[in-house]
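What follows is a single structure, written as structure tokens, with notes after it.
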Amino acid sequence: MERLTKIGFRPVGRWQLTQGKLDCALECEGESRNVLYAFISGGEVLYVGKTTQPLKKRMYGYQNPGTTQSTNIKGNRLLNDLITSGDTVEIYALPDHGLLHLGDFHINLAAGLEDSLIGKLQPKWNGCGLKS
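Take 68 as the starting number for the sequence shown in the numbering used here and just add one per residue.
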């Protein structure tokens, strides 16, 4: 987790159960787009992802996965299992505020960093040692 905070990730919310249903409680960055996000429990980075949608819309996909959305279905199950067992899962984010450019071209920070973060951190929910 420290490696993420050193590059600008910050806590933006947490996962919880509300009336027995998975619920994302975002405190900030809900409307931000081009966001890298991480699910963290007990200081361990469990998952790193990116979204071009508003962050709250992406988190809604984990809360209410469609029948064909395998990543969301797996995430929903894993989050539910952890929270039901009494663990906390925090959401950290690194929003792209559009400040990086090369000439006239915007550099999408989330798209550029996601693979490197997953490769270096090996989060188990990204398929690094986890079977579906």
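All residues carry an ideal CB built from backbone N, CA and C; glycine is no exception. Being a predicted model, the structure only gives us computed values, none of them experimental.
(message) So, with DSSP's three-state summary, where would you put Ser199?
(response) The sequence position of residue 199 within the sequence shown is 132, counting from 1. With a pLDDT of only 46 at Ser199, under 50, the local geometry of the prediction cannot be trusted, and the value read off the model is given with reservation. It is coil, neither helix nor strand.
(message) To the nearest angstrom, how far is the alpha carbon of Pro78 from that of Ile158?
(response) As a position in the sequence shown, residue 78 is number 11, starting the count at 1. As a position in the sequence shown, residue 158 is number 91, starting the count at 1. The alpha-carbon atoms of Pro78 and Ile158 are separated by roughly 6 Å.
(request) Under 8 Å by Cβ, that's how I've got Leu176 and Asp163 pegged, so tell me the actual separation to the nearest angstrom. (result) In the sequence shown, counting from the first residue as 1, residue 176 sits at position 109. In the sequence shown, counting from the first residue as 1, residue 163 sits at position 96. Indeed they touch by this definition, with Cβ atoms about 4 Å apart.
(message) So, does the stretch 86-103 touch the stretch 115-131, judging by three or more C-beta pairs under 8 Å?
(response) yes
(request) Kindly indicate which residue of Leu89, Glu111, Ala105 has the alpha-carbon position closest to the one of Gln130. (result) On the sequence shown, residue 130 is found 63 positions in, with the first residue counted as 1. Residue Leu89 is the option with its Cα nearest to Gln130.
(message) Can you list, in chain order, the residues of its chain with a C-beta nearer than 7 Å to that of Ala178? Leave out the 5 residues immediately preceding and following it.
(response) As a first step, residue 178 is located in the sequence shown; it is residue number 111 there, counting from the start. Hits under 7 Å: Lys117.
(request) Would you mind sorting Glu96 into buried or exposed? The rule is 16 or more other CB atoms within 10 Å of its CB. (result) Taking the sequence shown and counting its residues from 1, the one referred to as residue 96 is at position 29. By the 10 Å Cβ count, Glu96 comes out buried.
(request) Give the DSSP-derived three-state secondary structure of Glu98 in the structure shown. (result) As a first step, residue 98 is located in the sequence shown; it is residue number 31 there, counting from the start. If DSSP states are grouped into helix, strand and coil, Glu98 belongs with coil.
(request) Let me know if Ser199 comes out buried or exposed under the rule of 16 or more other beta-carbons within 10 Å of its beta-carbon. (result) In the sequence shown, residue 199 corresponds to position 132, counting from 1. Its pLDDT being 46, under 50, Ser199 is placed unreliably in this model, and the coordinates cannot settle the point.
(request) Compare the beta carbon distance of Leu161 and Ile74 with 8 Å and say whether it is the shorter of the two. (result) Residue 161 sits at position 94 when you count from the first residue of the sequence shown. Residue 74 sits at position 7 when you count from the first residue of the sequence shown. Yes, they are a contact pair.
(request) Check whether the Cβ atoms of Met126 and Leu84 lie closer than 8 Å to each other. (result) Here residue 126 refers to the residue found at position 59 of the sequence shown. Here residue 84 refers to the residue found at position 17 of the sequence shown. No.
(message) Suppose contacts are defined by Cβ-Cβ distances below 8 Å. Is Leu76 in contact with Trp192 by that definition?
(response) By one-based count along the sequence shown, residue 76 stands at place 9. By one-based count along the sequence shown, residue 192 stands at place 125. Looking at the sequence itself, residue 76 is Phe, so the reference to Leu does not match. In this structure, Trp192 does not lie closer than 8 Å to Phe76 by Cβ.
(message) Does Leu188 come out as helix, strand or coil in the three-state DSSP assignment?
(response) Counting from one through the sequence shown, the residue named residue 188 turns up at place 121. Leu188: helix per DSSP, three-state reduction.
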